[in-house]
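FYI, the numbering for the sequence shown is -19 to -1, 1 to 302, going by mature numbering (1 follows the signal peptide of the UniProt record, and there is no 0).
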Amino acid sequence: MLPRRLFLAAPFLARPALAQPAWPDRPVRIVVPYPPGGGLDALARALADRLSVTWRQTVTVDNRPGGATIPGTDAVAKAAPDGHVLLMTSDSSITANPHIHARLPHDPMRDLVPVSYLLDVHQMVLVNPAVPARDLAGLVAAARARPGALNYGSYGPGSQPHLLFESLKAREGIEIAGVAYRGLTPAVLATVAGEVQGTLAGVASAREFLATGALRALAVGRPTRLSLLPEVPTLIEAGYPEADPRTWFGLFAPAGTPAALRSRIQQDVAAALEEPVIRDRHLAPNGYTVHAATPEVSAEMIAADFAAKGELVRVSGARVE
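Here it is as structure tokens:
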């Protein structure tokens, strides 16, 4: 039998526990500001399936493509900070757009908080096989031979294809016009179709087209060659050590989301990324470098990338007023 004082205090002692609602208490939505079909979308869906089991709650992917990822990102920036709406996106949304766009409806570095810096994507310079180039020097030569005849596909200002090709134009003094699409997948498909002559993409988006000869890889943006494609030289080997078209995928929550909840989500996501079905189907075949970093480490990595992106935008002259 409880002592009288403890018995009388018991209801009050229980209140803090009752004040902590179970999470998630309803479906969780992961907003992806890109169209279905790309590497980020595929990974988001695989994670959603795994997390649905872990959390015993439905987890869905909500694709909101277009607008240089701004509308989809804004939807999460303005969502309730309760962990039921998350953003899975690339660096374009977080560290590039603030430098590119003079007027954003949100500040991604203030209005969003990192859950996890998930992984690095090492991207390749790709061309349609009709382009008379076998390496980056050949692409520059082709652009010089036919000023204005070559175009590249991007998914808007601030996207990695946009920054890479604009930097290349500034360095080499060549004319290559950009064409913006609603996502990376449409830009890759446009390059395959010959609507544009080049783009920048990771292995996940380009692998099947490289295998059939529908695309040709000229260089890859990483310190060493990809073991999956050892014949493709690095940008360093090609003479462009300053170019780093590495992108990254991250998971974010609205600012104000409790730190403990973000840590729990990060731990569950990190565990999901170690599942063989995800590792063997979505990570290893695409040459990703997985980090699954904690929120604290992620914040440091993202801050460093924010500074680097600012310099890249300055050099490329890619700012949109």
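Don't be surprised by glycine CBs; every beta carbon is placed ideally from N, CA and C.
Here the structure is a predicted model, which is why all the values come from computation and not from measurement.
- With contacts defined as CB atoms closer than 9 Å, TRP229 and LEU99 qualify as a contacting pair.
- Sequence-distant Cβ neighbours of MET69 in its own chain, meaning closer than 6 Å and more than five residues away, are ILE11, VAL13, ALA25, LEU232.
- Straight across, the Cα-Cα distance linking ASP101 with LEU145 is about 16 Å.
- Nearest Cα to TRP4 within the set SER244, SER297, ALA284: SER244.
- Judged by pairs of C-beta atoms under 8 Å, the segment 102 to 113 does not touch the segment 235 to 249, as fewer than three such pairs exist.
- Under the three-state reduction of DSSP, GLY179 is assigned to strand.
- With a 10 Å radius around the Cβ and a threshold of 16 neighbouring Cβ atoms, ASP6 comes out exposed.
- Separation of the CB atoms of LEU181 and PRO226 is rounded to 6 Å, and the pair is thereby assigned contact status at 8 Å.
- In the three-state DSSP reduction, LEU107 falls in the strand class (E or B).
- When DSSP states are grouped into helix, strand and coil, ASP116 belongs to the coil group.
- In this structure, SER97 sits away from ALA284, with a CB-CB distance that is not shorter than 9 Å.
- Beta-bridge partners of PHE233 (DSSP): LEU68, PRO95.
- Secondary structure note for LEU24: its alpha helix (DSSP H) is the uninterrupted segment 20 to 36.
- Counting the other CB atoms within 10 Å of its CB gives ARG197 a total of 16 or more, which places it among the buried residues.
- When only Cα atoms are considered, ARG295 and ALA111 end up about 32 Å apart.
- Less than 9 Å divides the Cβ of PRO276 from the Cβ of ALA240.
- By DSSP's assignment, ALA200 forms a beta bridge with VAL106.
- Apart from sequence neighbours up to five positions away, the residues of its chain that approach LEU67 with a beta-carbon distance below 8 Å are VAL9, ARG10, ILE11, VAL12, VAL57, VAL96, LEU232, PHE233, ALA234, ILE246, ordered along the chain.
- A Cβ-Cβ contact shorter than 9 Å links VAL94 with ALA236.
- In the DSSP annotation of this structure, ARG260 is not part of any alpha helix (DSSP H), being labelled neither H nor E.
- ALA158 sits in a strand when the DSSP states are folded into three classes.
- Per DSSP, the continuous beta strand (DSSP E) segment holding ASP43 begins and ends at 40 to 44.
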